Structures are given as structure tokens and as C-alpha cells.
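The structure appears right after this line, and notes come after that.
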Amino acid sequence: MSSVDPRYCIAAAALEDRHLVVTWGDGHESRYHSMWLRHQCTCDFCGTPVNAVRGIRLHHIPEDIAPVLDSRTADAVTLVWSDDGHRSVYDARWLRDHCYSDSERARRKHRPVLWDRRIGNDCLRADRIACETSPEARLALLETVRDYGFCFIENAPEKREDASRLIELFGPQRISHYGTYELSKKGKVDNVGDITEALDPHMDETYRMSTIGITVFQVLRPSSNGGHSTLVDGFEAVRRLREAWPEDFDLLTRLPVTGQRRDAAYNSGGQSKIYSATMPSIRVDFDGDVCGLRLNERQISPLDVPEALVEPAYRALRRLYDIVYDPELRLTFELKAGEGLVFDNQRVLHGRTAFEPEEPARSVLTSSVDIEEFHSTLRQVTEAVRGRMPPMRLAQGMVA
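Right under this line is the structure:
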């Protein structure tokens, strides 16, 4: 390992009160508890959590375990454990990348870029063909969706049979009862995406316990008289709610809201379904930061909460949706044939303006990729392009 980068160069190491204290070339100091170090030894016997082939168990480790500093170089520290003489070697880069000081934890955590309508329609674009042939272009696309929650796609497939070429840039397609669904004129409508009226910003399938992650739209045939797409950054919306009414924000991180859906067999490939899922509208992570949203006013079932919470619940929900529907947050744009849109359905709300029925009818394909599959693809492409996968703490959506 190169020690040119002072961040990864061990300048000094010492043992203090059953902690390994490492001073780095950039002046940062890391403290590692003995239990943490012993549990994370990755020698051939102890193994690695990466593949879960491990010989070490917590009950093997005495609570008062302490190490002896065997050796230290710029690139590694070697410890010998007091209970059984086991020898553990810790790579400098691994130690720094897993330092759990407040500053290093904050550095590893990804911070989304918030936006409103001022972001404009000419930004955040990627070419599907370039992303298929260039790992660097593909990584830029993935990072755009990670950072902003969406990206416009040029040269999207114009035929249904080619749809997977765009989807697989982000990960394997999520298989649900919808499959790759075509939003278009139908003889009998039981999906709001097939109607011609305007659709307020919303998130899809909030009736599922495992909500859709990354949504992929591909325009086969646009409307000639409306049907423009709209997007809202839900993270920015709840930031405004938190700033103006923190008590309502807090309530919506805890308030159980049920979404439900009955799907007739003709709408879902011959499989009738009845779904119901209950969870908060806003999910925060262990640091109190927003990591996922579940917002679709049309799918809110009767609230099942104590009587004293009914009025506060509706006050909080009203205030949140008033912000979500604010035109100041809404980005509106026209997608043409051969264009697409990719967005994080657990961050970004989408909608559509009204349009008039016509022949041939408007046709848009919609499919999805799970959040964890998108994150996996991002990590793999990052590693391929940059030679290593830097530690990233990504927003885990509604499951965090």
C-alpha cells in the first residue's frame, strides 16, 4: 500500500486504557477500543464479515481483553492479545476508513444535494449509449442519482423489448406483479397512471412493506398535448417542514400511516393482489437525518391512532402535503420519444400534467430496481473505475 497520502500514513501508535490510539500523517487522532479491534481481526482464522466465514465469536472474547503493541509501521499496526497470544495485523487504510470518531463518521456519510424548481430542466442528463460503453460515464450517472435523486436519460430504448438495457445500468430489475408496466390508454382503468387527468406529486407503491426503490421511465410515445412530467425533491420538502414546524416533522417520523391497494387480475398479469403496509411517512436514520420517505396522499387509509393524535396527525400531514404541492418546488419538463427518467422513489415525488386522449395513445414504460441493488451497482462501478471502493454511508430509504 502506498503511504503517500498522509491520511493513510500512521505517524504514531500507542496503547492507552485498553484503546489503540493512532496519530495519522494529517494530524487526525483515532481511538479504537480493544473489543472492537479483537472482534474485527481478519486473519485466516478469525475471517471477515465480507463473506461471513468467521471463526471468532463474541463469547470467545473476554470483556477485559487488552492488547500488547507488537509493531508499528507507516502502513500497519500489529497487536498481540493478552488472553491467548493471538496476533492481529491491521492495515492503515482499513483502520482509517473505519475510524469511528465523529469527524470521520461524518466524512463517510453521503450528503444529498437538495433542490427546488430553480435547478432547471437542462441539468442532470446522461446518455444511455455512452453509459453502456464507458464505465466513467456510467459512474457519473449513478452518482447523479445518488446525489440529486434523479437524472434525465437521452437515447433511451424506444422499443419495449430493449427496455432492460437502461434498467440494467442501475441493477437487476425488481420483479413484482407489475413487471415492466406500460402506462397507456386501456379499456378498463384501475391504475391512476393510465388516466389523463393531472397527477399530483406522489411516490409509487406505498402500500408495500418493501417500497419501490429506483424507478425507470422510458417514453415510447409521448402525448402531443400535455402529459409533461413533474418532480419534487421530497428531502427538500421535509427540510422545510422540519424548519417551520419541528413538532410536526417529529410526529411524522413516528405516526403509523397505512397504504393499501387492491389490484384486479386484469391490471397485474392475471394475478389479483391485496396489499397493505403501515409505516411512518418520514424515516430518519440513527443520526436523526432523513433517509427515506413514503408519500402518497391518495393511498392513505383511515388513520389508526389514539383519539388524541387524530387532529395533530392531520395538521402535520396537511402541512407536509402543502409544501410538497408548492409550485416553487416542482420541476416540470417534457419527455420525448427515446428519452427516459430515473429517480429515487423513496426521495423524489413524481407527477404529470393533464393531457387529451389521442390516437395513437401516449405510452410510457415503468420498471424499478431495489435500493440495495442500486447501491451495490454504485459500489461495484466505483471500485472498477477508481481502483477501490471508498467507504460510503448511503441513505437506506425506508428500511434504515
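Residue numbering for the sequence shown follows this note's numbering, beginning at -14 and increasing consecutively.
The C-beta atom is built at its ideal place from N, Cα and C for all residues, glycine as well.
Please read these numbers as outputs of a predicted model, since none were measured by experiment.
(request) Could you tell me which uninterrupted alpha helix (DSSP H) segments, each at least 4 residues in length, are contained entirely in the stretch 71 to 129, listed from first to last along the chain? (result) 77 to 82, 87 to 93 and 113 to 118
(message) From the DSSP secondary-structure annotation, give me the bridge partner or partners of M264.
(response) Here residue 264 corresponds to residue number 279 of the sequence shown, with the count starting at 1. Partner(s): V242.
(request) State the Cα-Cα distance for the pair A61 and H44, rounded to the nearest angstrom. (result) On the sequence shown, residue 61 is found 76 positions in, with the first residue counted as 1. On the sequence shown, residue 44 is found 59 positions in, with the first residue counted as 1. Distance between the alpha carbons of A61 and H44 is about 27 Å.
(request) Would you please verify whether the beta carbon of W9 is less than 8 Å from any beta carbon of chain D? (result) Chain labels in this structure do not include chain D; a single protein chain is all it has.
(request) Please determine, among C136, A322 and I308, the residue with the shortest C-alpha to C-alpha distance to D185. (result) Stepping through the sequence shown from its first residue, residue 185 is reached at position 200. The shortest Cα separation from D185 among C136, A322 and I308 belongs to I308.
(request) Would you give the residue range spanned by the alpha helix (DSSP H) that L237 belongs to? (result) Stepping through the sequence shown from its first residue, residue 237 is reached at position 252. That run of the alpha helix (DSSP H) goes P231 to L237.
(message) Can you tell me where the alpha helix (DSSP H) holding L43 begins and where it ends?
(response) To locate residue 43, count along the sequence shown from 1; it is residue 58. First-last for L43: undefined, no H or E at that position.
(request) With DSSP as the reference, label S361 as helix, strand or coil. (result) The residue you call residue 361 lines up with position 376 of the sequence shown. Looking at S361 - three-state DSSP - the assignment turns out to be helix.
(request) Reducing DSSP to helix, strand and coil, say where D218 ends up. (result) Translated into positions along the sequence shown, residue 218 becomes position 233. Of the three classes helix, strand and coil, the one that applies to D218 here is strand, per DSSP.
(request) Enumerate in chain order the residues of its own chain whose CB-to-CB distance from E182 is below 7 Å, with the five nearest sequence positions on each side excluded. (result) Locating residue 182 in the sequence shown gives position 197, counting from the first residue. A339.
(request) Classify G382 as helix, strand or coil using the three-state DSSP reduction. (result) Stepping through the sequence shown from its first residue, residue 382 is reached at position 397. Reduced to three states, the DSSP call for G382 is helix.
(request) Tell me whether I197 sits in a helix, a strand or coil according to DSSP, three-state version. (result) Residue mapping note: residue 197 aligns to position 212 of the sequence shown, counting from 1. Coil at I197, not helix or strand.
(request) Spell out the partners DSSP gives Q158 in its beta bridges. (result) For this step, residue 158 is matched to residue 173 along the sequence shown. The partner list for Q158 (beta bridge, DSSP) is empty, contrary to what the question assumes.
(message) When you compare the CB positions of R279 and T191, do they come within less than 8 Å of one another, or not?
(response) Sequence index remark: in the sequence shown, residue 279 carries index 294 (1-based). Sequence index remark: in the sequence shown, residue 191 carries index 206 (1-based). Yes, Cβ-Cβ distance for R279 and T191 is below 8 Å.
(request) Would you be able to state if there are at least three C-beta pairs under 8 Å between the stretch 351 to 371 and the stretch 228 to 237? (result) no
(message) Quick check on DSSP: helix, strand or coil for T338?
(response) Translated into positions along the sequence shown, residue 338 becomes position 353. Correct three-state label for T338: coil.
(message) Using 8 Å as the threshold, is the C-beta distance between F202 and L326 below it?
(response) Taking the first residue of the sequence shown as 1, we reach residue 202 at position 217. Taking the first residue of the sequence shown as 1, we reach residue 326 at position 341. Yes, the pair counts as a contact, with Cβ atoms nearer than the cut-off.
(message) DSSP has P52 in a bridge; who is on the other side?
(response) Start at 1 with the first residue of the sequence shown, and residue 52 comes out as number 67. W66, per the DSSP bridge assignment.
(request) Consult DSSP for D329 and reduce its assignment to one of helix, strand or coil. (result) Taking the first residue of the sequence shown as position 1, residue 329 is located at position 344. D329: strand per DSSP, three-state reduction.
(request) For Q203, write down the residues that DSSP places opposite it in a beta bridge. (result) Counting from 1 along the sequence shown, the entry for residue 203 is found at position 218. Beta-bridge pairing links Q203 to G325 and L350.
(request) Let me know the secondary structure DSSP gives V35 once reduced to three states. (result) The sequence position of residue 35 within the sequence shown is 50, counting from 1. Looking at V35 - three-state DSSP - the assignment turns out to be coil, as it is neither helix nor strand.
(message) Just to confirm my understanding: we take F155, look at its own chain, exclude 5 residues before and 5 after, and list those with CB closer than 8 Å. What are they?
(response) Residue 155 sits at position 170 when you count from the first residue of the sequence shown. Contacts found: L127, V130, I199, V201, V327, V354, E358, F359 and T362.
(message) I need the straight-line Cα distance from E292 to M264, nearest angstrom please.
(response) Locating residue 292 in the sequence shown gives position 307, counting from the first residue. Locating residue 264 in the sequence shown gives position 279, counting from the first residue. Each residue's alpha carbon lies about 18 Å from the other.
(request) Report the rounded CA-to-CA distance for R371 versus Y299, giving the unit in angstroms. (result) The residue given as residue 371 occupies position 386 in the sequence shown. The residue given as residue 299 occupies position 314 in the sequence shown. Roughly 48 Å separates the two Cα atoms.
(request) Can you say whether T215 is buried or exposed, counting buried as having 16 or more other CB atoms within 10 angstroms of its CB? (result) Stepping through the sequence shown from its first residue, residue 215 is reached at position 230. Buried, because 16 or more other Cβ atoms sit within 10 Å of the Cβ of T215.
(request) Identify, in the order they occur along the chain, each residue of the same chain with its Cβ nearer than 7 Å to the Cβ of L151, setting aside the five sequence neighbours on each side. (result) For the purposes of this step, residue 151 is taken as the residue at position 166 of the sequence shown. Closer than 7 Å at Cβ, skipping near neighbours: R113, I138, A141, P142, V201, Q203 and G325.
(message) Please classify F271 as buried or exposed, where buried requires at least 16 other C-beta atoms within 10 Å of its C-beta.
(response) Here the question's residue 271 lines up with position 286 in the sequence shown. It is exposed - the Cβ of F271 has fewer than 16 other Cβ atoms within 10 Å.
(message) Give me the DSSP bridge partner(s) of W9.
(response) Here residue 9 refers to the residue found at position 24 of the sequence shown. Beta-bridge pairing links W9 to I(-5).
(request) Can you grab the Cα-Cα spacing for the pair F318 / G40, in whole Å? (result) The residue you call residue 318 lines up with position 333 of the sequence shown. The residue you call residue 40 lines up with position 55 of the sequence shown. Their Cα atoms are separated by approximately 56 Å.
(request) Please state whether DSSP places E153 in a helix, a strand or coil. (result) In the sequence shown, counting from the first residue as 1, residue 153 sits at position 168. Coil, per DSSP.
(request) Counting only the same chain and skipping the five closest in sequence on each side, list residues whose C-beta sits under 8 Å from that of S56. (result) The sequence position of residue 56 within the sequence shown is 71, counting from 1. The answer, listed in chain order, is V62 and T63.
(request) Can you tell me which of H24, D218, E1 and E121 puts its alpha carbon nearest to the alpha carbon of D311? (result) Taking the first residue of the sequence shown as position 1, residue 311 is located at position 326. Comparing Cα-Cα distances from D311 to each of H24, D218, E1 and E121, the minimum goes to D218.
(message) Helix, strand or coil, according to DSSP, for E316 in the structure here?
(response) The residue labelled residue 316 in the question sits at position 331 within the sequence shown. The question names Glu, yet the displayed sequence has Leu at residue 316. Three-state result, L316: strand.
(message) Rounded to the nearest angstrom, what separates C28 and G336 at their Cα positions?
(response) By 1-based counting over the sequence shown, the position of residue 28 is 43. By 1-based counting over the sequence shown, the position of residue 336 is 351. Those two C-alpha atoms are separated by around 52 Å.
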